[in-house]
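A.B. asks: The listed protein sequences derive, respectively, from chains A and B.
Per the numbering used here, residue 1 is the first one in the first sequence, and the count goes up by one each step.
Per the numbering used here, residue 1 is the first one in the second sequence, and the count goes up by one each step.
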Amino acid sequence: MAKERYKSLWDLTRDQRGRYSASIAALLIAIGMSLLVPLATRSAIDEIVLGGASPWWLLIAGAVIVLFSLSSALCMYAKGRWVAEASHGVAKQARERLFDHLQHLPCTYFDRADTGDLVQRCTSDVDTLRIFLTTQLVQIGRAVLMLVILVPLLAFLDLRMTALSLAVIPFIIVFSTWFFRRVKTLFAKADASEGAMTSVLQENLTGIRVARAFGRQGFEIARFGEHAAAYRDDSFAVSRLKARYWGLSDLLCMTQVGVVLLGGAAWVFDGSLTVGTYFAFVSYINMLVWPIRQLGQILTELGKAVVAMGRIEEILEVSRESNDGDPIVAPKQPGRIAVRNLSFAHADGTRALTDVSFCVEPAETLAIVGPPGAGKSTLMHLLVRLYDFTEGAIELDGRDLSRIERTAVRSRICAALQDPFLFSRTVGENVKIGRDDASATEVVDAAETACVHDSIESFEQGYDTMVGERGVTLSGGQRQRISLSRAILADPDVLILDDTLSAVDSKTEGRIRSAMSARHGRRTTLIIAHRLSTLAHADRILVLTEGRVREHGTHAELVNRGGPYARLWKLQSTFESELAADMVPGRGEGS
Amino acid sequence: MNRMDDSRASVDWSAWKRILRFARPHRRDLIVLVLTGIATAVCDTLFPLITRSLIDHIEQFGAQFDLRPFVAGYAALTLALAAEVWVFIHCAERIAKHVSHDIRQAGFARLQELSFSYFDRRPVGWLMARMTSDCDRLADIVGWGSFDMVWGSSSLVAITAVMFMLNWRLACVVLLVVPPLMIISRRFQRRILLSAREVRKTNSMVTAAYNESVMGVRTTKAFGREEENLNRFMEQSDRLYGASVRNALQSAVYLPLVMTLGSIGAAMALMYGGVQVMDGALSLGTLLAFMTYARHFFDPVQEVATVLAELQMAQASAERVLGLVETIPEIRDSEDVRERLSKGWIEQGMAEDGYPLCFERIEFRGVGFKYEDGQRVLSDFNLGLRAGETVALVGATGAGKTTIAGILSRFYEPTDGQVLFDDVDYRSRSLAWLESITSVVLQAPHLFRGTVRENIRYGRLEASDEEVEKAALLVAAHDAILSLEHGYDTDVGEGGGRLSSGQRQLVSLARAVIRDPQILVLDEATSSVDAETEQRIQRGLESAFRGRLSVIIAHRLTTVRSADRILVIDAGRIVEQGTHQELMALGGRYHQLYSGQRVDERVRRWEPRE
């Protein structure tokens with residue numbers, strides 16, 4: 001498993017390998033150049049200062065040192081640039097792939113998924129990968145290159161000193177690796193308590209009015225205090241361990257430097273080492289020790305990157321919603337829908353629809369009514385192929401729906417869903433979701449039909465008003481009508497209105513209804529509604545309870561049958577007639 | 001809000017002083033931190049001196065001297081430095097974590113006291129950012145910023161002092177590098193932080209885009225918007241790429257640049273010092289020490305520049321957080337009330353503030369209310385309420401119904417006039433008392449994560465299981481709850497999301513009545529439920545109203561009809577008042593309002609023949 005993750009991590013860099021190779025080359029040159037600086041200093045001291053050459057040589061030595069540093073700096077810049085472009089490029093590619101993939105996943109996936117978690121995978125996990133690719137990958141390269149280049153160079157200069165230079169390094173590596181393994185569990189704990197604190201905070205702020213209404217300040221403060229203190233203590237536990245680690249590893253590293261410094265001095269005493277070489281070793285050991293100290297941390301980061309990769313892959317491995325079938329879109333109109341013995345169960349096994357059969361003739365309006373949880377919305381979702389059903393059949397103009405491309409189905413059948421979602425774009429753009437190439441007048445037209453044009457115009461910036469946190473907060477009725485205007489703009493052959501007008505008063509609803517039929521003439525419409533006036537306007541009514549068709553017929557038929565619909569009707573109309581009685585002036589009891 | 005993000009040209013120390021107040025309980029740590037910072041800088045500066053004197057001894061005496069003092073000195077310094085590293089990380093982190101916690105805790109406590117009007121103007125996301133990342137960032141500056149500042153400036157002073165003591169002429173040569181180093185560092189650190197902020201900003205836009213793509217996936221599918229959404233996303237993704245690369249490039253230029261400057265300093269030391277060594281005016285050890293110092297100068301300079309830049313950048317965060325912590329709640333117990341509360345009255349039938357526990361009547365006398373933005377909602381509003389009656393407020397959106405209910409529960413206080421409980425202005429009574437006798441059910445009620453039982457118990461924390469069920473029975477929620485998968489132990493999910501809106505309403509109603517409040521305020525929701533469910537909710541409401549003053553902002557005609565008294569509110573005034581029958585008979589505004597809810601005549605023709 002882990003091995004595959006390493007491979008996918010590697011595959012991810014495919015398009016950027018050129019840049020990575022170039023930056024490794026640049027790094028190599030930079031390191032080489034920076035290694036030359038102590039060598040130049042060494043010759044300057046041994047040959048010029050102590051060797052008694054002309055002082056003018058010092059100028060040249062100085063110039064050489066600056067030149068080496070400068071070229072090293074240039075290469076470091078090149079490396080920095082290429083690595084940044086490469087890793088941000090990889091991250092960009094990963095982000096876009098994830099976004100595209102997410103949009104094509106089936107709805108069943110989102111039913112189970114946690115939005116926060118998904119977003120985190122697409123953002124922080126991608127970022128963890130990116131940080132690994134930017135810093136850690138280069139650091140590993142650097143540490144390894146340093147060892148590979150420096151050790152032979154040191155050996156060439158002086159074998160004994162080389163042995164001395166490498167004496168403590170293995171301990172440093174082992175120690176830091178051990179430490180970062182240990183700290184990982186503490187990290188995880190601190191992360192978890194931060195998450196817990198954040199969600200308590202979020203919940204408190206969302207429900208702050210309730211907390212205030214019940215005077216629960218003390219309770220809330222105590223609850224939050226617990227989590228905040230846990231987060232503080234858990235994250236400080238990590239810091240405490242880190243403080244010890246850095247102290248100890250500094251000690252180890254400086255011991256290594258000290259061993260070279262003092263051991264070398266002893267050899268300089270007996271004349272077996274020149275002062276210049278000695279100085280070179282003192283410089284090199286500093287270059288070697290500090291990058292190596294990072295290795296333990298880098299290995300942990302590698303572990304984190306692999307975990308992040310895994311979390312990303314889990315999304316990418318889910319197969320996309322298939323889009324096979326006939327790509328036909330052809331007719332504008334008719335739009336006959338026939339549902340035969342349709343049964344459907346959700347992924348968790350709960351049965352939503354059982355043996356549902358009905359049909360809707362072109363230009364007919366079918367109203368669907370039933371208690372919450374009866375399967376009304378599910379039925380609508382099946383009609384636009386948001387879910388795939390297993391038993392029974394749905395036909396659109398005589399063709400099996402599951403044999404038509406999803407995109408084709410959705411371009412002929414358009415649904416204005418319950419709980420309409422508005423994107424944080426302008427109001428106008430939100431309406432345009434219905435049809436991208438619609439002109440401004442068409443957008444206004446659609447909004448007018450949905451009786452939302454006046455509300456939009458009342459906003460300061462009209463159709464250019466932003467929706468959401470950065471702009472206006474729309475009322476439920478306004479959201480519903482904007483969602484409706486999308487569907488109107490889309491101008492489909494079959495229109496589905498899933499409780500789209502529940503927050504709109506009945507007068508406005510009547511206006512919308514007549515505006516719609518005036519605009520397009522009649523078309524096949526399926527409408528979920530509770531308001532009896534809406535139901536009564538439909539050609540036929542379907543009563544759905546517990547996933548089954550309980551009744552099916554015209555309003556008059558159902559009312560006369562005396563079933564559940566008649567009961568609903570009676571409940572409402574008794575009330576209505578009492579009200580009507582009250583409304584006759586002078587007949588109220590009080591007057 | 002964007003303007004507030006802008007960094008200032010200079011650092012405003014007064015805000016930082018106020019932030020530093022949070023470090024006061026940790027001043028011992030802070031003192032240790034400052035001392036360690038100085039000690040570390042000194043130790044860092046001493047290391048090259050050891051090397052120097054070692055080299056000079058070698059040059060001077062060859063093999064003829066005792067190495068042991070050097071071993072001892074080096075060992076001592078190493079141990080000291082390791083200990084210092086341990087201490088400063090420990091202290092800086094402890095300060096950072098504690099200060100962050102303390103600010104957060106203070107902010108949270110303050111948020112619990114702030115009035116509704118505060119939250120009306122601030123989205124949850126904004127408050128979350130203040131309470132999480134801003135707190136951490138400021139505390140990091142208090143902990144690490146002060147250490148870096150102390151260490152950086154002490155290092156600069158120590159290195160400069162040592163160099164001047166060793167050889168002032170060579171010191172002058174090496175110090176030539178410092179001014180350009182400082183200028184470059186100041187400019188770059190500022191730019192790097194600025195572009196880092198741009199990265200954060202675009203990054204949060206990308207996060208929002210993901211969030212939207214998941215939340216709106218059904219809409220996207222229903223309208224076939226996948227392509228177009230991806231194109232939009234790619235624009236943002238491009239911007240993020242551009243900003244990130246720009247930020248990385250600035251760092252990629254800065255570090256090599258300052259390191260080259262360091263090398264130039266070292267080379268100048270070598271050239272100038274080398275000649276002096278040859279002349280015998282300078283020891284070789286001193287030359288090497290100068291070369292080391294020249295290379296290490298950029299480190300403290302960079303640290304100081306970063307801290308200064310960070311202080312500027314985080315200024316806005318500091319002001320926002322302080323703004324939150326220091327906001328004085330508009331509504332709180334008066335001086336006088338607090339004094340009475342501290343006396344601790346415990347008398348039969350009396351509340352802790354010295355007035356009777358129960359009330360007979362409430363009077364709004366000449367109440368006016370104006371929002372902060374100057375919008376006037378109520379003026380000279382008069383209303384009398386009696387204990388036990390049910391009063392419905394009806395009227396168009398924006399007529400002031402919610403404001404009246406909010407003033408009654410003291411979520412808002414009147415800007416003019418008084419609200420009197422048995423002739424005592426409620427501002428002379430304690431908030432805790434009013435809260436304890438009032439239950440408010442808000443429109444679209446929020447449930448907290450947890451079980452149904454826990455949510456009902458939120459109304460009275462000490463209620464037993466039986467009392468929870470009794471409350472549910474009273475509002476006709478019991479059966480609905482039992483029909484849930486795990487009954488009372490059903491997890492309601494985030495914000496109650498796993499329950500339907502009708503179920504949420506019933507639970508929140510039970511939560512309100514479990515306190516057995518003297519006043520029940522209800523902002524009724526218009527929800528899309530079928531007539532049968534609606535009837536069930538109505539029955540629950542009616543029993544909830546019994547025996548207490550109930551003030552309802554009513555939308556459903558069924559609820560309005562059963563009220564003892566109906567007030568028709570228009571533009572902050574009572575325009576009609578009476579029972580349903582009276583108002584209907586009147587044929588005025590009320591009649592007009594509700595005639596719209598009738599089923600039209602066309603439908604009525606199909607009435608069942610019975």
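Even glycine gets a Cβ: it sits at the ideal position worked out from N, Cα and C.
A quick note: this is a predicted structure, and the numbers were derived from the prediction, not measured.
Tell me the DSSP secondary structure of Leu184 of chain A in three-state form.
C.D. replies: The question names Leu, yet the displayed sequence has Lys at residue 184 of chain A. If DSSP states are grouped into helix, strand and coil, Lys184 of chain A belongs with the helices.
A.B. asks: What's the call for Cys358 of chain B, buried or exposed, on a 16-neighbour Cβ count within 10 Å?
C.D. replies: Classification for Cys358 of chain B: exposed.
A.B. asks: What does Arg81 of chain A reach in chain B if we use C-beta pairs closer than 7 Å?
C.D. replies: Chain B residues near Arg81 of chain A: Leu249, Ala252.
A.B. asks: Below 8 Å, can you find three or more Cβ-Cβ pairs linking the stretch 491-498 of chain B to the stretch 396-415 of chain B?
C.D. replies: Judged by Cβ distances under 8 Å, the stretch 491-498 of chain B makes no contact with the stretch 396-415 of chain B, as fewer than three pairs qualify.
A.B. asks: From the DSSP output, read off the bridge partner residues of Gln577 of chain B.
C.D. replies: DSSP output for Gln577 of chain B lists B:Leu567 as bridge partner(s).
A.B. asks: Once you ignore the five residues that flank Glu361 of chain A on each side, which residues in its own chain have a CB closer than 7 Å to its CB?
C.D. replies: Here the set comprises Arg336.
A.B. asks: Identify the residues that DSSP records as bridge partners of Pro356 of chain B: which are they?
C.D. replies: Per DSSP, B:Met350.
A.B. asks: With 9 Å set as the bound, which would you pick, yes or no: does the beta-carbon of Tyr355 of chain B sit closer than that to a beta-carbon of chain A?
C.D. replies: Not closer than 9 Å to any Cβ of chain A, the Cβ of Tyr355 of chain B fails to qualify, so no.
A.B. asks: Name the chain B residues whose beta carbon is nearer than 7 Å to that of Glu85 of chain A?
C.D. replies: Val245, listed in chain order.
A.B. asks: How many Å lie between Val199 of chain B and Arg191 of chain B at the Cα?
C.D. replies: Their backbone Cα atoms lie some 12 Å apart in a straight line.
A.B. asks: For a contact meaning CB atoms closer than 9 Å, what does Cys414 of chain A contact in chain B?
C.D. replies: Simply Ala222, Phe223.
A.B. asks: Between Gly398 of chain A and Val543 of chain A, what straight-line distance do the alpha-carbon atoms span, to the nearest angstrom?
C.D. replies: Gly398 of chain A and Val543 of chain A: Cα-Cα distance of roughly 24 Å.
A.B. asks: Helix, strand or coil: how does DSSP classify Ser343 of chain A here?
C.D. replies: Residue state, collapsed to three classes: strand.
A.B. asks: What does a CB cutoff of less than 7 Å around Gly375 of chain A pick up in its chain, not counting 5 residues either side in sequence?
C.D. replies: For Gly375 of chain A, where only same-chain residues beyond five positions count, the Cβ hits under 7 Å are Ala352, Leu353, Leu544, Gly547.
A.B. asks: Give the secondary structure of Ser550 of chain B by DSSP, where H, G and I count as helix, E and B as strand, and everything else as coil.
C.D. replies: Strand at Ser550 of chain B.
A.B. asks: Using DSSP with H/G/I as helix, E/B as strand and the rest coil, what is Asp270 of chain A?
C.D. replies: Looking at Asp270 of chain A - three-state DSSP - the assignment turns out to be coil, as it is neither helix nor strand.
A.B. asks: Using only alpha-carbon positions, find the residue among A:Arg412, A:Ser483, A:Ala40 that is nearest to Pro334 of chain A.
C.D. replies: Considering only alpha carbons, the answer is A:Arg412.
A.B. asks: Nearest CA to the CA of Ile264 of chain B: which residue from B:Phe297, B:Gly280, B:Gly242, B:Ser244?
C.D. replies: Minimum Cα distance to Ile264 of chain B is reached at B:Phe297.
A.B. asks: Can you pull the chain B residues whose beta carbon is under 7 Å from the beta carbon of Ala22 of chain A, in chain order?
C.D. replies: Per Cβ cutoff of 7 Å: no residues; Ala22 of chain A is ~14 Å from chain B at best.
A.B. asks: Starting from Asn382 of chain B and walking both ways along the alpha helix (DSSP H), at which residues does that stretch end?
C.D. replies: Here Asn382 of chain B belongs to no alpha helix (DSSP H); instead the beta strand (DSSP E) covers 376-386.
A.B. asks: Following the continuous alpha helix (DSSP H) through Arg311 of chain A, name the residue where it begins and the one where it ends.
C.D. replies: Segment 295-317, the alpha helix (DSSP H) holding Arg311 of chain A.
A.B. asks: Could you work out which residues of chain A lie near Trp151 of chain B, taking near to mean beta carbons separated by less than 8 Å?
C.D. replies: What Trp151 of chain B touches in chain A: nothing, since even the nearest Cβ is about 14 Å away.
A.B. asks: Please confirm if Ser402 of chain A has its CB atom under 9 Å from at least one CB of chain B.
C.D. replies: No, Ser402 of chain A does not count as interfacial toward chain B.
A.B. asks: Which partner residues of Ser439 of chain B appear in the DSSP bridge assignment?
C.D. replies: Beta-bridge pairing links Ser439 of chain B to B:Leu520.
A.B. asks: Residues in the same chain with beta-carbon distance under 8 Å from Ser77 of chain B, minus the five sequence neighbours each way, listed in chain order, please.
C.D. replies: Inspection of the sequence shows that residue 77 of chain B is occupied by Leu rather than by Ser. If we look at Leu77 of chain B and ignore the five residues flanking it on each side, its Cβ neighbours are Cys43, Leu46, Phe47, Ile50.
A.B. asks: Should Gln302 of chain B be labelled buried (16 or more other beta-carbon atoms within 10 Å of its own) or exposed?
C.D. replies: With 16 or more Cβ atoms within 10 Å of its Cβ, Gln302 of chain B is classed as buried.
A.B. asks: Given Leu571 of chain A, which residues of its chain have a CB within under 6 Å of its CB, disregarding the five upstream and five downstream residues?
C.D. replies: Counting only Cβ-Cβ distances below 6 Å, and skipping sequence neighbours, we find nothing.
A.B. asks: Below 6 Å CB to CB, which residues in the same chain sit around Val257 of chain A once its five sequence neighbours on both sides are set aside?
C.D. replies: Result list for Val257 of chain A: Ile285, in chain order.
A.B. asks: Run down chain B in chain order and give the residues with a C-beta less than 7 Å from the C-beta of Gly225 of chain A.
C.D. replies: Result: Gln105.
A.B. asks: When the distance is taken between beta carbons, is Ser483 of chain A closer than 9 Å to Leu422 of chain A?
C.D. replies: Closer than 9 Å, so yes.
A.B. asks: Count the other CB atoms, across all protein chains shown, that sit within 10 Å of the CB of Gly547 of chain B; report buried if there are 16 or more and exposed otherwise.
C.D. replies: So Gly547 of chain B ends up on the exposed side.
A.B. asks: Tell me, please, which residues DSSP counts as bridged to Met466 of chain A.
C.D. replies: A:Thr426, per the DSSP bridge assignment.
A.B. asks: Name the chain B residues that come within less than 8 Å of Thr123 of chain A, Cβ to Cβ?
C.D. replies: Asn203, Val206, Thr207, Tyr210, listed in chain order.
A.B. asks: Against chain A, does His446 of chain B count as a neighbour if the rule is that its beta carbon must be under 9 Å from one of theirs?
C.D. replies: By this cut-off, His446 of chain B is an interface position.
A.B. asks: Considering only their Cβ atoms, is the gap separating Gln139 of chain A from Pro291 of chain A smaller than 9 Å?
C.D. replies: Yes; because the gap between Cβ atoms is below 9 Å, this pair is in contact.
A.B. asks: Pull up the distance between the alpha-carbon of Phe164 of chain B and that of Leu54 of chain B, whole angstroms please.
C.D. replies: Answer to the nearest angstrom: the Cα atoms are 20 Å apart.
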